Amino acid sequence: MSLKKYMAYIKTVETGSLTKAAEILNYTQPSISQMISSLEEEYGFPLLVRQKNGVKPTENGWKVLKPMREIQKGYERLYETVHHINGLETGTVRIGAYISITASWMPKILSDFKQLYPSIEIQLFEGNASELDHWLEEDIIDFAIGSSHNGKWDFRFLLEDPIVVIMNDQHKLAELKSFPLQAMETTDCILPYPDSLFEIHRFIKKAGIRPQMAYQIRGDETIIAMVRNNLGISLLPQLLLSNSNLENITVKPMSQPVSRSVGILTNKTKHVQTPSITKMIQFIEDWIKNQDFI
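So in this note's numbering, spot 160 of the sequence shown is number 160, and the numbers just go up one at a time.
Quick look at the structure:
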């Protein structure tokens with residue numbers, strides 16, 4: 001049936017590889033190739049460009065990808081609803097989240113959820129704010145766990161995550177009880193790129209501060225390692241530090257407290273939630289209420 005062909009194409013695009021798509025879907029690589037070729041013949045135009053390091057969609061291939069995903073999701077909703085009516089707990093939930101959240105929350109959440117609903121499949125996507133936006137827009141994920149920043153998505157609040165300052169414990173400002181934001185103008189700073197942690201840059205810009213930028217780094221752990229080696233100070237969300245190695249690092253609150261709101265983001269223009277998605281969201285909300293993160 002066409003649904004199998006759609007799945008073959010969707011997974012090939014997501015992985016960039018016919019072989020990887022075949023492994024995930026439990027087909028042979030020639031079978032995946034044949035299904036996609038069948039779609040190309042049916043549609044009258046190529047869907048993929050074959051390259052040395054894999055495959056990527058053609059311009060027309062991108063155009064049909066979104067409708068295919070919608071058809072796939074519709075079938076999954078129907079299949080899951082029928083099972084739900086019959087008292088069976090099945091389904092697939094696709095969750096996008098910041099790397100800091102996947103490292104600190106998700107292992108325990110997924111473990112506890114699986115004990116209650118072993119037949120519900122969970123797919124986890126790690127990304128930054130820009131990637132979460134893209135995945136929500138393209139219907140690649142069912143919901144995201146992140147911060148509300150553009151008003152584009154429905155937002156269900158989970159908690160406030162304070163922004164803190166980290167520095168080497170031998171840094172000249174290490175004796176301060178709290179960190180005045182103005183000190184960033186006279187102290188070497190190591191900051192993330194805006195697409196990684198936009199809240200930091202928004203906060204600095206709003207305060208009218210011009211940081212003395214020493215380095216701009218995308219990776220959280222790289223920033224922490226550079227701070228550990230006394231190359232500068234950095235501003236990071238406290239939640240991000242919960243599973244990090246803070247040896248030789250001191251953490252200071254801001255003199256003027258600031259935080260980011262973390263919650264569940266859903267695309268209000270997309271499909272209705274399936275029973276499994278609703279269960280997962282409710283489970284996360286209940287789980288967070290019983291924790292003491294900050």
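For glycine and all other residues, C-beta sits at the position ideal for the given N, C-alpha and C. Computed from a predicted model, the values in this text were never measured in an experiment.
Minimum C-alpha distance to residue i - residue among the options
i           : options            : result
residue 208 : 181, 225, 192      : 181
residue 161 : 34, 154, 145       : 145
residue 85  : 68, 4, 112, 276    : 276
residue 237 : 35, 246, 228, 260  : 260
residue 28  : 50, 12, 155        : 12
residue 290 : 213, 221, 158, 43  : 158
residue 245 : 221, 99, 205       : 221
residue 219 : 281, 252, 127, 177 : 127
residue 176 : 43, 56, 253        : 253
residue 171 : 118, 230, 258      : 230
Close Cβ partners of residue i (< 6 Å) along its chain, the five nearest in sequence each way excluded
i           : result
residue 32  : 8, 18, 21, 22
residue 95  : 124
residue 141 : 94, 96, 125, 135
residue 104 : 242, 243
residue 184 : 209, 211
residue 45  : 60
residue 286 : none
residue 49  : 56, 58
For residue i: DSSP bridge partner residues
i           : result
residue 168 : 249
residue 56  : 49
residue 30  : Answer by DSSP bridge pairing: none, since residue 30 is not bridged.
residue 94  : 123
residue 259 : 162
residue 213 : 189
residue 237 : 163
residue 266 : 154
Distance, residue j Cα to residue i Cα
i           : j           : result
residue 152 : residue 267 : 8 Å
residue 47  : residue 138 : 18 Å
residue 101 : residue 240 : 7 Å
residue 3   : residue 39  : 11 Å
residue 288 : residue 279 : 14 Å
residue 174 : residue 116 : 46 Å
residue 248 : residue 228 : 6 Å
residue 63  : residue 148 : 29 Å
residue 155 : residue 30  : 43 Å
residue 54  : residue 15  : 9 Å
residue 83  : residue 283 : 20 Å
residue 256 : residue 205 : 15 Å
residue 107 : residue 98  : 13 Å
residue 234 : residue 165 : 6 Å
residue 24  : residue 215 : 40 Å
residue 35  : residue 292 : 50 Å
residue 41  : residue 80  : 32 Å
residue 196 : residue 118 : 33 Å
residue 78  : residue 52  : 39 Å
residue 43  : residue 26  : 25 Å
Nearest-angstrom beta carbon gap, residue j and residue i [assumed within contact, 8 Å]
i           : j           : result
residue 188 : residue 232 : 4 Å
residue 163 : residue 200 : 7 Å
residue 179 : residue 129 : Rounded, the Cβ-Cβ distance is 24 Å, inconsistent with contact.
residue 120 : residue 89  : 6 Å
residue 92  : residue 70  : At roughly 15 Å, the Cβ-Cβ gap does not stay under 8 Å, so residue 92 and residue 70 are not in contact.
residue 250 : residue 167 : 6 Å
residue 265 : residue 132 : 7 Å
residue 281 : residue 143 : 6 Å
residue 258 : residue 203 : 5 Å
Own chain, CB closer than 8 Å to residue i, minus 5 neighbours either side, in chain order
i           : result
residue 217 : 190, 191, 192, 193, 223, 226
residue 10  : 65, 68, 69, 72
Neighbourhood of residue i by C-beta, 7 Å cutoff - its chain only, sequence neighbours within 5 removed
i           : result
residue 186 : 212
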